[in-house]
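Shown next, in structure tokens, is the structure this report addresses.
Number of protein chains: 2
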Amino acid sequence: EDAAAPPPGDTADPFAGDPPRHPALRVNSLKPFNAEPPPELLTQSFLTPNELFFTRNHLPVPAVEPGSYRLRVEGPGGRALSLSLSELRQRFPKHEVTATLQCAGNRRSEMSRVRPVKGLSWDIGAISTARWGGARLRDVLLAAGVRDNTGDGEWHVCFEGLDVDASGTPYGASIPLKRALSAEAEVLLAYEMNGRELPRDHGFPVRVVVPGVVGARSVKWLRSVAVSPSESPSHWQQNDYKGFCPSVDWDSVDFGAAPAIQELPVQSAITEPRPGAAVPAGELTVKGYAWSGGGREVVRVSGAKGGEGKMGWGEREWREMGWGKGDGGKWE
Amino acid sequence: EDAAAPPPGDTADPFAGDPPRHPALRVNSLKPFNAEPPPELLTQSFLTPNELFFTRNHLPVPAVEPGSYRLRVEGPGGRALSLSLSELRQRFPKHEVTATLQCAGNRRSEMSRVRPVKGLSWDIGAISTARWGGARLRDVLLAAGVRDNTGDGEWHVCFEGLDVDASGTPYGASIPLKRALSAEAEVLLAYEMNGRELPRDHGFPVRVVVPGVVGARSVKWLRSVAVSPSESPSHWQQNDYKGFCPSVDWDSVDFGAAPAIQELPVQSAITEPRPGAAVPAGELTVKGYAWSGGGREVVRVSGAKGGEGKMGWGEREWREMGWGKGDGGKWE
Ligand SMILES: [Mo]
Ligand SMILES: [Mo]
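Going line by line, the protein sequences match chains X and C.
Last residue of the first sequence: 332 (my numbering), numbering continuous.
Last residue of the second sequence: 664 (my numbering), numbering continuous.
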């Protein structure tokens, strides 16, 4: 809203250092970069190839020199660790988990057809699955002096990224300490994605991976981890990534009144054929994915064949393509 | 299907010993007794009065003499406890939890309007809330030698009731051992309901209460608790209380292919006014309940005003009436 010319030096494009991307990605926003794989590519394999994994950046991609990278971990009572990348790799056992990440806005383009919703117009591809490798957040927190028995009261683990806005404010988010300490929840400080180092768009050299939880909490380019009695003060924790009643709009919304989204609900979509596609007569293969947030299981996928007023239901026609922790799969 | 006369002696009504019931209950089945409170009474108070609490019996109500009652608890390796009622009360700290129980068939009468479903035709009242008091199942299992760290693999805790069918087979059900041992899940061996001893219809003298889980696992008139590598072999665990795809019917159903229902999904219903009721012009108070299975929270209740093709959404019109662990509440 300020029409004055930017001061000299600020004219440099802060996104000029962003990495190259795969040309098949469908771009919803270039700066910051937000893109998803075409639906058909999503169900070509159970694990999404790194270069096709949906990308949800809020800010320019930071350029991190791995040799000088340090992760700060703040425990209780002023105790803190500073870990180099090799210390993170060597001091803590490497743990691997297959987990699906999903953006809270996945399928927003369909929601907007019912009622307009603010945000990026994602199709059905803002969800992807990888095999992640890294240190358990639990192990790192315990090394920083966090006690396993957290007692009563809700504590949180706040993350900050190395990605910053024009004022120097980083991206940030938090999860409940209870989830962070749960061995079963398998929260990682990941440095590997499908057996390779993290791509720059996915948080090189270290990102958080919180299985079953909205992608916004899996902070990329991780700079700090801090235990706190409060949730992250970040804009994205406080004033974004929350759900409201349909009667709320941008004039009446009270972000303080709603809880921050953590676990997402069950999700399923058809990737092939696409809506409106002409299909041959006779047998048709339909593909899609299903995922249940919060570490719960998907028990089955059912489908309805519609047309000219009649509808049939089928369950046994679906073939499972594979299921991972986190907990989803693809079917056809 | 056997038209022969029953043998002498079998003509006695096995339900003759059932207790008297409150006349306001709406009876779906008399033998076994299955009944629910009228919707209007359900939302008159946050805790449902004992005599109005929905009743879901599968068999005749057993007559238990409290002085000779013994609960058998089978731990691992042949170790077992036999507890009298006073031992259960005195050896273990009394724990209280406000929890809502719901029958899996709640609102089946509405489902059947879409597509017929087999089972009792419950309206919206097969759900009720009480303050339960008893021993934690966790404490009793630990006393029976069950170790807190259950390691890998799914173990179960099987319950049997003192209610038996004509062949002497008791009602039975099971829950995962992990839930049974979780301090947070607050599973009780309850001997109190809203500050009084359990009524006969609700399991006198001892019943299981599993907050957040389908009522069928909260076994009444509890006779035995056993840790097992398998789920309960009971009919009601194996061949009932499971969910299927709409294409499945009684000719094609394969109970072995579906998991036993444990946590139920979110539920909400309007208790006043009733469908089709004439209401006065002007302001109208609408009442109802909301409940989320599995110990998750209900974040909000939203309502829509319909009529003559237009629909408005309102959130702020709904007023919260109270929420308890388990986790539900009533609103108006
Ligand atoms: Mo997101
Ligand atoms: Mo039930």
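We treat Cβ as the ideally placed atom computed from N, Cα and C, and that holds for glycine.
In terms of residue numbering, what span does the beta strand (DSSP E) encompassing residue i cover?
i: His-427(C); result: 426-434
i: Val-472(C); result: No beta strand (DSSP E) holds Val-472(C); the alpha helix (DSSP H) holding it covers 469-475.
i: Glu-231(X); result: Segment: none, Glu-231(X) is in no beta strand (DSSP E) and carries neither H nor E.
i: Val-157(X); result: 156-164
i: Leu-520(C); result: 520-525
i: Asp-450(C); result: For clarity, residue 450(C) is Lys in the given sequence; the question names Asp instead. Where Lys-450(C) is concerned, there is no enclosing beta strand (DSSP E), given that its DSSP letter is neither H nor E.
i: Gly-125(X); result: Here Gly-125(X) belongs to no beta strand (DSSP E), and DSSP marks it neither H nor E.
Going by C-alpha to C-alpha distance, which of the options sits closest to residue i?
i: Phe-365(C); options: Glu-372(C), Val-489(C), Ala-548(C), Pro-351(C); result: Pro-351(C)
i: Glu-486(C); options: Leu-513(C), Val-449(C), Asp-497(C); result: Leu-513(C)
i: Val-540(C); options: Ser-550(C), Arg-606(C), Glu-524(C); result: Ser-550(C)
i: Gly-172(X); options: Glu-197(X), Trp-221(X), Phe-204(X), Asn-194(X); result: Trp-221(X)
i: Ser-292(X); options: Gly-282(X), Ala-269(X), Val-286(X); result: Ala-269(X)
i: Pro-381(C); options: Pro-394(C), Pro-392(C), Val-618(C), Pro-369(C); result: Pro-369(C)
i: Val-298(X); options: Pro-265(X), Glu-283(X), Ala-260(X); result: Pro-265(X)
i: Gln-262(X); options: Asn-571(C), Arg-628(C), Lys-619(C), Glu-615(C); result: Arg-628(C)
i: Gly-294(X); options: Ala-12(X), Val-286(X), Val-214(X), Glu-272(X); result: Val-214(X)
i: Val-286(X); options: His-22(X), Arg-223(X), Pro-39(X), Pro-211(X); result: Pro-39(X)
i: Tyr-523(C); options: Gly-349(C), Pro-398(C), Val-393(C); result: Pro-398(C)
i: Ala-63(X); options: Arg-89(X), Gln-102(X), Val-164(X); result: Val-164(X)
i: Asp-148(X); options: Val-227(X), Arg-196(X), Ala-104(X); result: Val-227(X)
i: Ser-224(X); options: Val-97(X), Phe-159(X), Leu-41(X); result: Phe-159(X)
i: Asp-345(C); options: Val-393(C), Leu-384(C), Ser-634(C), Thr-387(C); result: Val-393(C)
i: Gln-267(X); options: Leu-47(X), Ala-290(X), Pro-273(X), Ser-68(X); result: Ala-290(X)
i: Val-210(X); options: Val-157(X), Arg-200(X), Arg-196(X), Gln-238(X); result: Val-157(X)
i: Leu-101(X); options: Leu-42(X), Gly-75(X), Arg-70(X), Leu-59(X); result: Leu-42(X)
i: Thr-98(X); options: Gln-238(X), Pro-229(X), Ala-260(X), Gly-195(X); result: Gly-195(X)
i: Pro-561(C); options: Ala-367(C), Arg-353(C), Gly-407(C), Arg-445(C); result: Gly-407(C)
Can you tell me whether DSSP reads residue i as helix, strand or coil?
i: Arg-207(X); result: strand
i: Asn-360(C); result: strand
i: Gln-594(C); result: coil
i: Ser-571(C); result: At residue 571(C) the sequence reads Asn, which differs from the Ser that was named. Correct three-state label for Asn-571(C): coil.
i: Asp-201(X); result: helix
i: Glu-652(C); result: Low per-residue confidence applies at Glu-652(C): pLDDT is 43, beneath 50, and the placement is therefore not dependable enough to give any value.
i: Ala-281(X); result: coil
i: Gln-267(X); result: strand
i: Pro-20(X); result: coil
i: Arg-79(X); result: coil
i: Phe-587(C); result: helix
i: Gly-307(X); result: Reliability fails at Gly-307(X), whose pLDDT of 45 lies under 50, so the model's placement of it is uncertain and the value that follows must be treated cautiously. Here Gly-307(X) sits in coil by DSSP.
i: Arg-300(X); result: coil
i: Pro-66(X); result: helix
i: Gly-212(X); result: coil
i: Gly-172(X); result: strand
i: Arg-606(C); result: coil
i: Arg-217(X); result: helix
i: Gly-627(C); result: helix
i: Trp-250(X); result: coil
i: Ala-290(X); result: strand
i: Ala-12(X); result: coil
i: Cys-577(C); result: coil
i: Gly-437(C); result: coil
i: Arg-147(X); result: coil
i: Ala-462(C); result: strand
By the DSSP assignment, the alpha helix (DSSP H) with residue i in it spans what residues?
i: Leu-509(C); result: 509-513
i: Leu-71(X); result: From DSSP, Leu-71(X) is part of no alpha helix (DSSP H) but of the beta strand (DSSP E) over 70-74.
i: Arg-223(X); result: Looking at the DSSP string, Arg-223(X) is not in any alpha helix (DSSP H); the run it does join, the beta strand (DSSP E), is 222-228.
i: Val-114(X); result: 108-114
i: Glu-419(C); result: 417-423
Flag residue i as yes when its Cβ comes closer than 7 Å to any non-hydrogen atom of ligand 3, and as no otherwise.
i: Ala-558(C); result: Ligand 3 is not among the ligands present in this structure, which contains only ligand 1 and ligand 2.
Cβ contact (3+ pairs, closer than 8 Å) linking the region 409-417 of chain C and the region 467-478 of chain C: yes
Touching by the beta-carbon criterion (3+ pairs, under 8 Å), the region 447-461 of chain C and the region 352-360 of chain C: Proximity of the region 447-461 of chain C to the region 352-360 of chain C meets the contact definition, three or more beta-carbon pairs being nearer than 8 Å.
Inter-stretch contact (C-beta, 8 Å, three-pair minimum) for the region 561-568 of chain C and the region 608-615 of chain C: no
Segment contact, 8 Å Cβ cut-off, at least three pairs: the region 576-584 of chain C with the region 513-527 of chain C: no
The region 249-256 of chain X contacting the region 200-207 of chain X, beta-carbon criterion three pairs below 8 Å: no
Inter-stretch contact (C-beta, 8 Å, three-pair minimum) for the region 465-473 of chain C and the region 444-451 of chain C: Look at the beta carbons and you see the region 465-473 of chain C not touching the region 444-451 of chain C: under three pairs across the two are nearer than 8 Å.
Complete beta strand (DSSP E) runs within the region 363-387 of chain C (minimum length 3 residues, chain order): Taking 3 residues as the minimum length, the beta strand (DSSP E) runs contained wholly in the region 363-387 of chain C are 366-368, in order along the chain.
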